[in-house]
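Protein chains in written order, with my numbering: chain A, 1 to 406; chain B, 1 to 250.
By construction, the Cβ of each residue, glycine as well, lies at the ideal position given by its N, Cα and C atoms.
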Amino acid sequence: MSTINLILIALRALQRNKLRAFLTMLGIIIGVAAVIAMVAIGEGSKESIQSQLSSMGSNMITVLPASNVAGGVRIGGSSYQSLTLPDVLAIQRGAEHVSAVSPVSSTKGQAIFGALNWPTTLQGVAPSYFDIRKLTINDGIAFSDADVATAAKVCVLGQTVISNLFPSGESPVGKVIRLNSIPLQVIGTLAPKGQSSFGQDQDDIILTPYTTVQKRILATIYFQSIYASAVSETTSAQATDEIIDILRGTHRLRPADENDFQVRTMEELIKTLSSTSSLLTILLTAIAGISLVIGGIGIMNIMYVSVTERTREIGLRMSIGARELDILLQFLVEAIIISVTGGLIGVVLGITSAKVISLTLGWPTVVSQSSIVLSFIVCAFTGVFFGYYPAQAASRLDPIEALRYE
Amino acid sequence: MSGSKILELQQIRREFVMGTEIVRALKGVSFDVFSGEFVTIMGSSGSGKTTLLNILGCLDKPTGGDYLLDGVNVSQLSRNELARLRNHKIGFVFQAYNLLPRTSALENVELPLFYNPELTTRERRERAMGALASVKLVDREDHTPSQLSGGQQQRVAIARALVNQPVMILADEATGNLDTRTSYEIMALMQELNQQEGKTIIFVTHEPDIAAFSSRTVTLRDGKVVKDSKNENVRSAKEALAALPPADDY
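1) Which residues of chain B have a Cβ atom closer than 9 Å to the Cβ of residue 318 (chain A), listed in chain order?
2) Below 8 Å, how does it come out for the segment 89-104 of chain B and the segment 117-132 of chain B: are there three or more Cβ pairs, yes or no?
3) Assess contact between the segment 186-196 of chain A and the segment 41-54 of chain A, defined as three or more Cβ pairs (one per stretch) separated by less than 8 Å. Is contact present?
4) Closer than 7 Å between beta carbons: that is the criterion. Which residues of the segment 20-39 of chain A meet it against chain B?
5) Between which two residues does the beta strand (DSSP E) holding residue 15 (chain B) run?
6) Output the boundary residues of the beta strand (DSSP E) element that contains residue 180 (chain A).
7) When you compare each of B:205, B:204, B:190 to residue 198 (chain B) by their alpha carbons, which one comes out closest?
8) Excluding the 5 residues flanking residue 251 (chain B) on each side, which residues of the same chain have their C-beta closer than 7 Å to its C-beta?
9) Please report the straight-line C-alpha distance between residue 60 (chain A) and residue 89 (chain A), rounded to a whole angstrom.
10) Spell out whether any CB of chain A is found under 8 Å from the CB atom of residue 13 (chain B).
11) Which stretch, first to last residue, makes up the alpha helix (DSSP H) that contains residue 131 (chain A)?
12) Between which two residues does the beta strand (DSSP E) containing residue 21 (chain B) stretch?
13) Which of helix, strand or coil does DSSP assign to residue 48 (chain A)?
14) Are three or more beta carbon pairs between the segment 363-373 of chain A and the segment 16-23 of chain B nearer than 8 Å?
15) Skipping 5 residues on each side, what residues in its chain have a beta carbon closer than 8 Å to that of residue 11 (chain A)?
16) Would you kindly work out how many angstroms separate the C-alpha atoms of residue 321 (chain A) and residue 41 (chain B), rounded to a whole number?
17) What residues from chain A crowd round residue 197 (chain B), counting only those whose CB sits closer than 7 Å?
18) Provide the residue(s) that pair with residue 60 (chain A) in DSSP beta bridges, ordered along the chain.
19) Note the first and the last residue of the continuous alpha helix (DSSP H) segment covering residue 196 (chain B).
20) Quick one: using the 10 Å Cβ neighbour count with 16 as the cut-off for buried, is residue 149 (chain B) buried or exposed?
21) Taking buried to mean at least 16 other C-beta atoms within 10 Å of its own C-beta, is residue 166 (chain B) buried or exposed?
22) Would residue 93 (chain B) pass as a contact of residue 188 (chain B) if the rule is Cβ separation under 8 Å?
23) Would you mind telling me which residues of chain B sit closer than 8 Å to residue 396 (chain A), beta carbon to beta carbon, in chain order?
24) By the three-class DSSP mapping on this structure, what secondary structure does residue 205 (chain B) have?
25) Kindly give me the distance between the Cβ atoms of residue 143 (chain A) and residue 154 (chain A), rounded to whole angstroms, as I take these residues to be in contact under 8 Å.
26) Would the beta-carbon of residue 96 (chain A) fall within 8 Å of that of residue 242 (chain A)?
27) Measuring straight from C-alpha to C-alpha, what distance separates residue 1 (chain B) and residue 35 (chain B)?
28) Using the beta-carbon of each residue, which ones in chain B are nearer than 7 Å to residue 2 (chain A)?
29) In terms of alpha-carbon separation, which member of A:252, A:193, A:313, A:305 lies closest to residue 205 (chain A)?
30) Counting beta carbon pairs with one atom in the segment 111-124 of chain A and one in the segment 249-262 of chain A, are three or more of them shorter than 8 Å?
31) Classify residue 58 (chain B) as helix, strand or coil using the three-state DSSP reduction.
32) Could you name the residues of the same chain whose beta carbon sits closer than 6 Å to that of residue 131 (chain A), not counting the 5 residues immediately before and after it, in chain order?
33) Near residue 108 (chain B), what residues of its chain come up, given a Cβ to Cβ distance below 7 Å and the 5 sequence neighbours on each side ignored?
34) Using a Cβ cut-off of 9 Å, which residues of the segment 96-107 of chain B contact any Cβ in chain A, in chain order?
35) I'd like the list of long-range same chain contacts for residue 193 (chain B), defined as Cβ closer than 6 Å, with 5 residues on each side in sequence excluded.
36) Would you say residue 392 (chain A) and residue 9 (chain A) are within 8 Å of each other, going by their C-beta atoms?
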C-alpha cells in the first residue's frame with residue numbers, strides 16, 4: 001500500500017470521529033504548549049537573573065598583591081607593592097580570555113565643593129574600568145585614554161558624593177571640585193549602583209585617570225589592584241590561569257617561587273548562577289516529561305478503545321484485502337497524525353501564550369528553539385510509542401472473529 | 001454452464017481443536033464452480049457452511065485437501081498472499097453490510113481499491129462510480145449509511161464487492177437482515193449481475209426460496225455435501241417481486 005493511501009485512510013478514519021480525535025489531541029496540545037510556555041518563562045527568568053548577576057560583575061577578576069615575608073615578618077598584602085603598568089599591559093596583550101583590564105590606584109581624601117565637603121575614595125582607573133564594573137554614565141562623559149596619557153585633572157562622581165556636595169540638585173558636570181588640594185573638573189556622573197553584596201556603598205566614589213592619582217597625588221608607580229573581566233562567566237577559570245602565567249612571567253618568578261600576587265574571581269556568584277539555571281532546567285524537564293506522558297497515555301487509551309470499537313471495521317478491511325501490516329500502519333499513522341497535529345497546535349499555542357504572559361504579566365519570556373524542537377520530537381515519539389501497542393493489537397485480530405464481533 | 005473452472009475443492013477438511021476435543025467442521029467437501037454460475041450453498045446451522053465460506057473467502061485455510069481459486073492453490077499461500085488474493089479475486093457481501101459508519105457511499109465503495117497500490121486517485125474514483133452505477137445508486141454517492149435504507153446499504157456493499165472486478169462474489173446470508181420485498185430486490189440485482197455481466201456468485205443462505213433464484217444449489221449437512229443439483233427452472237427475482245402484493249403505504 002502506498003504512503004499516500006495510508007495517510008488518506010488514516011485521515012478518513014479520524015474524520016469520522018473529529019471530536020474524539022480533537023479531545024485526544026488536547027492532551028498533547030496542552031502538554032506541548034505547557035512545556036514551551038514553561039521553558040519560555042524559565043529561560044526568560046534565567047536570562048534576567050544572568051544579566052543581573054553580570055551587572056554585579058560575575059565575570060570580574062581581581063588581582064591583588066600577595067602578602068609577603070620580608071625578614072621573617074609577614075607583610076599584609078595591601079601594603080605590599082608588586083603590581084605595575086607593565087603587568088597591566090602584558091595582560092592586555094597576552095590574555096585571550098580577558099576582554100578588558102584596568103589598574104586601580106586609590107586613595108582616600110576629603111572632597112570639597114564650595115562650603116561643603118565629604119570624605120570619600122578616589123579611584124584612579126583606566127577607561128575600561130567602566131566596562132569591567134558595569135558602570136554607566138548618567139550625565140556628561142567618561143574620561144578617555146587621552147586623559148590617562150596627560151594625567152588630566154578630570155573626574156567622574158558617584159551618586160553619594162553628588163548628593164553630599166551638590167544637595168540642591170544642580171548638575172555637577174563642568175564644576176570644579178577639590179580633593180584635598182588638587183582641583184578636579186567634573187566631566188560626568190555615574191548611574192546609581194547601590195550597595196555591593198558586602199554592604200559597601202558603591203556610589204561613594206570619585207573616579208579619575210589612574211595616572212592622575214599616581215603622579216599628582218600618590219607619586220608611585222605601583223597599583224593597589226588590577227581589575228579584569230573574562231570574556232564570559234564560563235571562561236573566567238581560563239582567564240585566571242592566563243593572568244597567573246603572565247604575571248609570573250613579568251614578575252620573573254622561578255618555578256619554585258610563590259606568587260607575589262593573588263587572583264580572585266566571583267566564584268560564588270558563578271556557582272549560584274549555574275545551580276539556579278540547572279535547577280530550573282531539571283524542574284521544567286520534569287514538567288515536560290509528565291505532561292507528555294499523560295498526553296501519550298491519552299492517545300493509547302483512545303486507540304485501544306478505538307480498536308475495540310472498530311473490530312468489525314478491521315475485520316472488513318482484512319476481508320477486502322488489507323494485510324496485517326496495513327492495519328498496523330493505519331492505526332499507527334492515526335496515532336502519529338493525532339500526536340503530530342497536536343504537537344504543531346501545541347507549539348503555536350505555547351509560543352502565543354508565552355507572548356501573552358510577557359505582555360500581560362510583564363514576565364520576561366524567551367521562546368527557545370530547542371524547547372520547540374525537543375517537545376515536537378518527543379510528541380512524535382509519543383505517538384509512535386503509545387500508538388504501537390493498540391495498532392499491533394488491531395493487526396493481530398483474526399478476520400473471521402473480527403467480522404462476527406458484536 | 002460453459003465457463004472455465006474458477007473454484008476447485010478437493011476433499012476439503014477443516015478441524016478445530018476445542019480443548020481436548022477435535023471438532024470436524026468439514027469432512028471432505030469436493031465440488032467445482034465454473035465461471036458464470038450462480039451457486040447457493042444451503043445448510044442448517046452447524047452444517048459447516050460458515051466454515052466453508054471462510055475457506056472459500058480465503059479467510060481461513062483447510063486442514064486437509066486442496067482449494068484452487070482461479071488456478072491458485074490457496075493452501076500453500078502466506079497470510080499476506082491470502083490478503084492480496086482476497087483483494088484481487090473475491091468480493092464479499094455480508095449479512096450485516098459492514099459499511100463504515102459516517103462515511104459516504106462512494107468512499108465505502110472505494111475502500112478495497114486503497115489496498116491496491118496500482119491505482120491512481122482518479123481511476124479509483126471512476127471505478128467506484130462505475131460500481132455504484134451497476135447497483136443503481138449513483139445519485140446516493142455522498143450519502144452516509146445512516147441516510148440509506150437497509151436495501152440501499154446492501155447495494156452499496158455489493159458495489160464495494162464489485163469494485164475490484166473480482167472473479168467471484170461471495171455473499172454470506174446477504175438477505176438475512178432484509179424483508180421479503182427488499183430481499184427480492186437484492187436477488188434481482190444479483191441475478192442481473194450474474195446473467196448480464198456474467199459474474200460468478202456464491203450465495204450462502206438457509207432460506208430455500210432464495211436458493212430458488214440460483215442456477216445451482218449445494219446442500220451441506222454435518223460437514224459433507226449431501227446434495228448438489230442444478231436448478232432447471234431458475235425463478236426470476238424480478239417476476240417474484242412483481243408478484244408480491246403492493247407495499248402498504250401508511
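By the coordinates alone:
1) 59, 83, 86
2) no
3) no
4) none
5) 5-18
6) It is not in any beta strand (DSSP E) - residue 180 (chain A) carries neither H nor E in the DSSP assignment.
7) B:190
8) This structure gives no information on residue 251 (chain B), because the portion of chain B shown stretches from 1 to 250.
9) 18 Å
10) no
11) 129-132
12) 21-34
13) helix
14) no
15) 337
16) 23 Å
17) What residue 197 (chain B) touches in chain A: nothing, since even the nearest Cβ is about 20 Å away.
18) A:229
19) 180-196
20) exposed
21) buried
22) no
23) Ordered by position in chain B, no residue passes the 8 Å Cβ test against residue 396 (chain A), which lies about 11 Å from the chain.
24) coil
25) 5 Å
26) yes
27) Unreliable placement is indicated for residue 1 (chain B), whose pLDDT of 45 sits below 50; the coordinate value is still reported in the next sentence. C-alpha separation (whole angstroms): 8 Å.
28) 117
29) A:193
30) no
31) coil
32) 100
33) 99, 100, 156, 160
34) 96, 98, 99, 100, 101, 102, 103, 107
35) 199
36) no
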